[in-house]
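Sequential numbering of the sequence shown, starting at 265, is according to my numbering.
Beta carbons: idealized from backbone N, C-alpha and C, even for Gly.
Since the structure is predicted, the reported quantities are computational estimates derived from the model, not experimental observations.
Structure, as structure tokens:
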Amino acid sequence: MSQPPVQISPFQRDRCLSGFVVSGRWPDSTREWAQFLTLAVRLAAVPGLVPTTTVFNAVEDVPEDPQPGAVGLVTTAGPVLGDGAPRPGQFRSAPPALFLLHPPQESRPSSPEVVGAASGCVLLPGLPHLGLGHRAAWVEAEADGTVTRLLAQVEINPLADPDTAVLAMLLAA
């Protein structure tokens, strides 16, 4: 018997991306989280939809009056820096996933040919002391939806990459 598909529906508030409703089931592999991140980065590449580098976290709450099959939300936790940024201890109970989305104006392209691309990272926190390592994926996409970079890894060292280091720091704070 096959599992139901993971369904993702973005939502916005004040013309900015506020998060995603997850239906069917949660992603259960690094590959599925990378696919989710790909959609999120493609949306971040739309001018103005993500105004600054923003942290999103997965929560197992469902919206009021949820659609049938809703299992949770990935919601904005705020900009990575400045007013509204996540507070120390906000992620005390580690979420299943933390995302960092960079809009085009705050993203460093992976090659000179890439123009106006957004990028992002998803960190899937592990329990290294129990032998369950951290996992992560990185995506870069242009405004037309072209994915110019996609990388997924298991057993990562969060300090080896700036995005995963920021997300790991938010988890540890």
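Coarse secondary structure for residue i, derived from DSSP in three states
i: Gly316; result: Just to set this straight, residue 316 is Thr in the shown sequence, not Gly. Reduced to three states, the DSSP call for Thr316 is coil.
i: Arg279; result: coil
i: Gln331; result: coil
i: Ala308; result: helix
i: Gln369; result: helix
i: Pro343; result: strand
i: Val270; result: coil
i: Val430; result: helix
Bridge partners - residue i, DSSP secondary structure assignment
i: Leu364; result: Val319 and Cys385
i: Leu337; result: Val285 and Val323
i: Glu404; result: Ser383 and Arg413
Residue i classed as buried or exposed, judged by whether at least 16 other C-beta atoms fall within 10 angstroms
i: Phe275; result: exposed
i: Ser273; result: exposed
i: Pro426; result: exposed
i: Glu404; result: buried
Nearest neighbour of residue i, chosen from the options [CA to CA]
i: Gly384; options: Val326, Arg356, Ala416 and Gln354; result: Ala416
i: Pro343; options: Ala298, Asn321, Asn421 and Gln299; result: Asn321
i: Asp325; options: Ser293, Gly333 and Glu404; result: Gly333
i: Arg306; options: Ala437, Asp408 and Asp329; result: Asp408
i: Arg399; options: Gln271, Thr294 and Gly283; result: Thr294
Check whether the segment 347 to 358 and the segment 275 to 295 touch, using three or more Cβ-Cβ pairs below 8 Å as the test. no
Count the CB pairs spanning the segment 374 to 382 and the segment 404 to 415 that are closer than 8 Å, and state whether there are at least three. yes
On the three-pair Cβ rule with 8 Å, is the segment 287 to 299 touching the segment 266 to 276? yes
Within the chosen definition, does the segment 296 to 314 reach the segment 363 to 373 through at least 3 CB pairs nearer than 8 Å? yes
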